[in-house]
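Read through the structure below, which is laid out as structure tokens, and then see the notes.
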Amino acid sequence: MADTPFNPAPFDVQKELSTALQDPAFQAAYDALADAFSTLDALLQARRAAGLTQVQVAERMGIKQSALARIESSLGSKKHSPSLATLRKYAEACGKRLEIRLV
């Protein structure tokens, strides 16, 4: 078994997503998560643009790294959405300010 080379099957994420979006139920679920993923993307971009690790942001927020990881991972789950106060602290820790717009 050790001599068998690992040869993964090619996987095109965009192609698979395009196919899945043909299903109305999948499309509805995907659309329902769009705002959460947009928020998550903004948080991660702010942290990376500031050149900060999770540990550094957590220290600036006065929380543990594991709590920050839960904040970053919870946005897509809708189980434990962070409060506006938490999002504001995250933004400030990254040298940003939180701005909310209705569009």
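Okay, so the sequence shown: first residue is 35 according to the numbering used here, each after it adds one. Virtual Cβ for every residue (Gly too), placed ideally from N, Cα, C.
Residue range of the alpha helix (DSSP H) that includes Ser52: The residue labelled residue 52 in the question sits at position 18 within the sequence shown. Run containing Ser52: 47-54, per the alpha helix (DSSP H) assignment.
Cβ contact (3+ pairs, closer than 8 Å) linking the region 94-111 and the region 72-81: yes
Short CB-CB distance (under 9 Å) between Ser115 and chain D: Protein chain content of the structure displayed is limited to a single chain, and chain D is not contained in it.
Whole-angstrom C-beta distance between Ala66 and Phe60, which should lie under 8 Å: In the sequence shown, the residue the question calls residue 60 occupies position 26. In the sequence shown, the residue the question calls residue 66 occupies position 32. No, Phe60 and Ala66 are not in contact; Cβ-Cβ is about 11 Å, not under 8 Å.
Segment contact, 8 Å Cβ cut-off, at least three pairs: the region 114-130 with the region 85-105: yes
Buried or exposed (CB count within 10 angstroms, at least 16 for buried), Leu102: Indexing the sequence shown from 1 puts residue 102 at position 68. Label assigned to Leu102: buried.
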